[in-house]
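Chains as they are written, first to last, in numbering that gives the first Met the number 0: chain A, 0 to 250; chain B, 0 to 296; chain C, 0 to 225. The beta-carbon is built from N, C-alpha and C at its ideal position, and this holds for glycine as well. Fair warning: this is a prediction, and the values are worked out from it, not measured in the lab.
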Amino acid sequence: MEIVVNVIREKIRKKMLYVTMALGIIVVAVFSTDMGSLTIGGKSIKDYHVLLPILINVLNFLNGAIALAISCSTIPQEYERRTSHLIWSRGISQSRYHMCLAAGNIVVSWISGIILYATLGVFAVVNGYSNILGRIAMATVFMMIYSACICMLTSALSIRIPTLFTGTIMVIILVFGALRDALKLLTATLTGVGGAVIKRAVMLIPDLAGISNQAGNLVQEKPLNIHVIIMAFLVIWVAGLLVMILRREEA
Amino acid sequence: MKKAGFIIYMLVGATLVVSGFATTERGLKENNREMLYKVAEDYEELGDMGFKGFYPLDYKVAFSDSEKDVVVSYDGGECNYTKRDAVYGGLVGSIYQDGDEFEVVVPEYDTWITLEAVNNEPLSAVIWHEGFHAYQNSYHKVYEKTTQDVLSETELSEIVDSDNEAKRMFSKEMEVLSRIFTDENSSDVNEIAIEYSKIAKERRGLLSEQVAGSEDFYLMMEGSAYYVESLAVRYENGEETYQKEYLGTASKYVDGNAKYYRLGMLECMLLDKLDPEWKNSYSFDRTFEEVIDDYIS
Amino acid sequence: MSDIMVLKNVKKTYKEMTAVNDLSLNIKKGEVFALLGANGAGKTTTIKMILGLAKASSGDIEIESGAKIGYSPETPYFPEYLTGMEVMKYYAGIEGDKSKKDTAYLKGLLELTGLSDNKIKVKNYSKGMIQRLALAQALISDPDILILDEPTAGLDALGRKHNLELLKRLKEEGKTVIINSHILHDIEAVCDRGVIMKKGKVIDTWTKGESEERLEDKFVRLVGEE
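Below is the structure:
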């Protein structure tokens, strides 16, 4: 628990969350005011109920990027600074150590996400949509699932892979995961053995867009796709298992 | 304690795997099924659109992921389906002849949804479009009756798109027909029909018999299906989308096959103006130009 | 005195390189033991293997059952946004022994190493203060064995004197101390015994008062030879 708390304390005291807050305010402000106009299919989107699922997608993606940045270097840095020496020498197992670091990152990413969603809530109230605050609050659950996926996967990769590679792989997963529907459409045009292989490769990418879409469905009072949610938890579970079983040779 | 924790973690994983399998949609996916309900719902309002005996769900609808097809027979709200290897590879909206039967083949909703965000065409409208082709070939046996050698859409477009004069006149035809909705109050429909017929005949003189015949075929087949599709979109997505996606582009010439869809739709719209009952006696054995000529002679 | 730690034919190889080669040591309970050698002799690797920070390629390391180990690293890093007391509480929390989380107890350890419980953040600590903090955190569990990697490096003369006196006091309390240091004068002052390592092997042993030759001279004679 101390390790988890220490990760949270470090990230907060390093003022990482200020970046989040600034980002959130900019994005939500641009979408919510006349500064920016969102046009889909030639239609200008101003209605907050229509805008909300889109904003949720954007905010979840941004928070995913923040989760990635937070998690990418946490474990490698522990070993570079040799903080790990004083943990291992106290008999803390690698599984527990790495899991605590990953959990710390998840909590920080949740705090970051809550800040982003809070800015969304503020703008909803300012624009006269205080009645959807409850739904925004419920949608944070999906933000939590989304960022937990990213934090756990990033942490798992960072145990054995250099930070640069972890970052690169995770940026690909984050972007492709957010554009999974578009990728599915593109790969649907492919035929033959190569096409079949690429289609299966796409299936391995976590359905991050699906998670955000469920949040969108929730705020629009549409039915949720339970399968997508279960698969997201499965991604977190598999990544968590990797965090526990992947080991470093030395502290 | 550690062992207990590990066992609990593995149990959670096993539960997730089992739940994942249990919630995986096999066979007909719910959102694909929804599309069929949507078409059925549209039909209650739109009916056969004047084409006697037309109901898109009279034909089996195959939802394809380009590897497997789920072929659905819709019967009064009941969806019975079978699975088979995909009859087409890739992303396809088409019809497929299985014995004497024509089936509609469309992509799955999950695949189509991204495209819909761009082109504003719901999958249900694709089912209307392809369902109309199935109707043309089942009810009116258009393929069977077509005796002439029809060029493929690609071959035809290559020939026409490289002929500047034919292109110019084609654009002119589109512009003239567009007046039926842009100039509604000031123009006489008969005048538009006469002017259109004149240009169309003039333009026909520039083309070989095979090219002209192929154009007639696509104007009739695709133009009418596009017309049906446009009415379905108008009903589902509203006037604004209809105006933008169909009427807004109707007078624009583009290289490729889309211009035949647009001009054919405009011909149907002109016929609607000339005689709202024109479809009663139409059985896809004459060109739209010939039918229009009937009203102006 | 009985052995608290025994290393038998311990070997550590990294790909082509052998860092520690067939090392055997017996460390007795209550003694202050020195690991001596030039850079790259294998001292730090030996410490890492004892602590479980690296796995021996072969051989055995036996530590008396139930013996607690405290470790002060050569280049300690502590979260710089914490105060000394927060660092102590952090490591006390990790050890999980509730009695060791007591503020008064931790304050006592800080004072024992020459630090005080104040609001100064680690980022404002001098190198010497960080070294003291490293020693303080190593004492949290009231260890039976204390492993100190360069415990007087970076300290000024007063700090060195303070730490050496502390080590003597810990020895009097019956703690076993293993020291890795380059400052041979300090070793002579506090250690009872030691080994001189070269290229991963023990090339000689040293016992306090065994001969007239100063440790420094012996070290230069043995390590300087090729």
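Exposure of residue i, with buried meaning 16 or more beta-carbon neighbours within 10 Å
i              : result
Q147 (chain B) : exposed
D97 (chain B)  : exposed
K144 (chain B) : exposed
F373 (chain B) : Beyond the ends of chain B as shown, which are 0 and 296, falls residue 373 (chain B); an answer cannot be given.
I244 (chain A) : exposed
I6 (chain B)   : exposed
L24 (chain C)  : buried
A103 (chain C) : exposed
H184 (chain C) : exposed
M34 (chain A)  : Bear in mind that a pLDDT of 47 at M34 (chain A), under 50, signals an unreliable position, so the number given afterwards is only what the model happens to contain. When all chains shown are included, M34 (chain A) counts as exposed.
I171 (chain A) : exposed
V234 (chain A) : buried
K88 (chain C)  : buried
F164 (chain A) : exposed
K10 (chain A)  : buried
P52 (chain A)  : buried
Y13 (chain C)  : exposed
Spatial neighbours of residue i in its chain, beta-carbon cut-off 8 angstroms, leaving aside the 5 residues before and after
i              : result
N224 (chain A) : G209, N212, Q213, N216
N279 (chain B) : G49, K51
K120 (chain C) : E79, Y80, L81, T82
E235 (chain B) : K37, D41, P121, S123, A124
Any chain A beta carbon closer than 8 angstroms to residue i
i              : result
S18 (chain B)  : yes
D109 (chain B) : yes
V11 (chain B)  : yes
S151 (chain B) : no
L6 (chain C)   : no
E149 (chain C) : no
Y124 (chain C) : no
I62 (chain C)  : no
I7 (chain B)   : no
Y104 (chain C) : no
G246 (chain B) : Gly is not the amino acid found at residue 246 (chain B); the sequence shown has Leu there. False, the Cβ-Cβ gap to chain A never drops below 8 angstroms.
Any chain C beta carbon closer than 8 angstroms to residue i
i              : result
N104 (chain A) : no
T82 (chain A)  : yes
R246 (chain A) : no
I91 (chain A)  : yes
For residue i, the three-state DSSP class (helix, strand or coil)
i              : result
S140 (chain A) : The displayed chain sequence assigns Val, not Ser, to residue 140 (chain A). Here V140 (chain A) sits in helix by DSSP.
Y73 (chain B)  : strand
C190 (chain C) : coil
P55 (chain B)  : helix
P75 (chain A)  : helix
F101 (chain B) : strand
L252 (chain A) : Because chain A is modelled from 0 through 250, residue 252 (chain A) falls outside the range shown and cannot be assessed.
K88 (chain C)  : helix
L157 (chain C) : helix
V91 (chain B)  : coil
D203 (chain C) : strand
D216 (chain C) : helix
A18 (chain C)  : strand
F283 (chain B) : coil
D68 (chain B)  : strand
N216 (chain A) : helix
V106 (chain A) : helix
Spatial neighbours of residue i in its chain, beta-carbon cut-off 7 angstroms, leaving aside the 5 residues before and after
i              : result
I24 (chain A)  : T118
I110 (chain A) : L16
A91 (chain C)  : K99, K100, L105, I139
I113 (chain A) : T139
K258 (chain B) : F169, Y252
Neighbour flag for residue i against chain B, beta carbons, 8 angstroms
i              : result
I158 (chain A) : no
G40 (chain A)  : Note that G40 (chain A) scores a pLDDT of 47, beneath 50, so its modelled location is shaky; the value from the coordinates is reported in the next line. Yes, G40 (chain A) lies at the interface with chain B (some Cβ there is under 8 angstroms from its Cβ).
W87 (chain A)  : no
A187 (chain A) : yes
T162 (chain A) : no
M230 (chain A) : yes
T118 (chain A) : no
W236 (chain A) : yes
Own chain partners of residue i with C-beta closer than 6 angstroms, once the 5 adjacent residues on each side are dropped
i              : result
H128 (chain B) : A224, E228
Chain-ordered chain E contacts of residue i [CB-CB under 9 angstroms]
i              : result
I295 (chain B) : In summary, chain E is missing from the structure at hand, where the protein chains are A, B and C.
Exercise for the section: Can you check the segment 50 to 130 of chain C for any beta strand (DSSP E) of at least 3 residues that lies completely inside it and give the ranges in chain order? Expected result: With a minimum length of 3 residues, the continuous beta strand (DSSP E) runs that stay inside the segment 50 to 130 of chain C are 57 to 62, 68 to 71.
Complete runs of the alpha helix (DSSP H) confined to the segment 155 to 228 of chain B [at least 4 residues]:
DSSP runs (the alpha helix (DSSP H)) wholly in the segment 155 to 228 of chain B: 163 to 181, 188 to 203.
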